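Residue numbers (the numbering used here): -1 to 70. What follows is a short report on a single structure.
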């Protein structure tokens, strides 16, 4: 019996599988959000050092618009 058949027949196994998938998705989202927050913090520090926008764009991967919002 393959995994899909097993999960379709066992509601508890399906519930556990779905809970695990949700946890993994939430964990990935949280890590992605934390990484973006760190990149924005680096960009703010670069702005405080008066680095030009194009350098910040190149080094952080943020857009000019995102960096300009950080200036405010």
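We put the CB at the ideal spot given by N, CA and C, even for glycine. As the structure is a computational prediction, the values presented were derived from the model and not from experiment.
Here's the rule I'm using: 16 or more other beta-carbon atoms within 10 Å means buried, otherwise exposed. How should residue i be labelled?
i: residue 32; result: exposed
i: residue 29; result: exposed
i: residue 61; result: exposed
i: residue 41; result: buried
i: residue 58; result: buried
Out of the options, which one is the CA nearest neighbour of residue i?
i: residue 45; options: 24, 34, 70 and 23; result: 70
How many whole angstroms separate the CB atoms of residue i and residue j, which I take to be in contact at a CB cut-off of 8 Å?
i: residue 65; j: residue 51; result: 6 Å
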